[in-house]
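Residue numbers (our numbering): 853 to 925. Heads up, the beta-carbon is just placed ideally off N, CA and C, and yes, glycines get one too. Working notes for the structure below.
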Amino acid sequence: MKSIAIIGGGITGLVTAFKLKSFNIPTTIYEASDRAGGVIKSLKQNGFLAEFGPNTILETSYKITDLIREAGL
Numbered sequence: 853m854k855s856i857a858i859i860g861g862g863i864t865g866l867v868t869a870f871k872l873k874s875f876n877i878p879t880t881i882y883e884a885s886d887r888a889g890g891v892i893k894s895l896k897q898n899g900f901l902a903e904f905g906p907n908t909i910l911e912t913s914y915k916i917t918d919l920i921r922e923a924g925l
């Protein structure tokens, strides 16, 4: 089976790869930066920790809750 190319290791690319893996579909994630997460990141500077990107998850849909549970988070 050929691997699916996923462009970007942000939350959308990571969730897409995670879901495809559950169907045993191989994926390759291509990310331009040296880390995954896209705009979601933590920065530690001068003894302080700053979080960038979404900082809350609104459980307005059972799909979000199911994804969090399925990922083991």
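Tell me which residue opens and which closes the alpha helix (DSSP H) that residue i is part of.
| i | result |
| --- | --- |
| A869 | 863–874 |
| K915 | 914–922 |
Between the C-alpha atoms of residue i and residue j, what's the straight-line distance to the nearest angstrom?
| i | j | result |
| --- | --- | --- |
| R887 | G861 | 8 Å |
| F900 | K893 | 14 Å |
| T917 | P906 | 16 Å |
| K854 | N876 | 11 Å |
| S885 | E903 | 18 Å |
May I ask you to report which of helix, strand or coil DSSP gives residue i?
| i | result |
| --- | --- |
| E903 | strand |
| A888 | coil |
| L821 | For the chain, the structure presents residues 853 to 925; residue 821 sits outside this window and is missing. |
For residue i, which residues of its own chain have a beta-carbon under 6 Å away from its beta-carbon, when the five flanking residues on both sides are left out?
| i | result |
| --- | --- |
| A869 | I858, T879, I881 |
| G865 | I858, I881 |
Please work out which residues of its chain come closer than 8 Å, Cβ to Cβ, to residue i, disregarding the five sequence neighbours upstream and downstream, and give them in chain order.
| i | result |
| --- | --- |
| V867 | L919 |
Going by DSSP, what residue range makes up the beta strand (DSSP E) through residue i?
| i | result |
| --- | --- |
| I858 | 856–859 |
| I881 | 879–882 |
Which residues in the same chain have their Cβ closer than 7 Å to the Cβ of residue i, if we skip the five residues on either side of it in sequence?
| i | result |
| --- | --- |
| L872 | I856, T879 |
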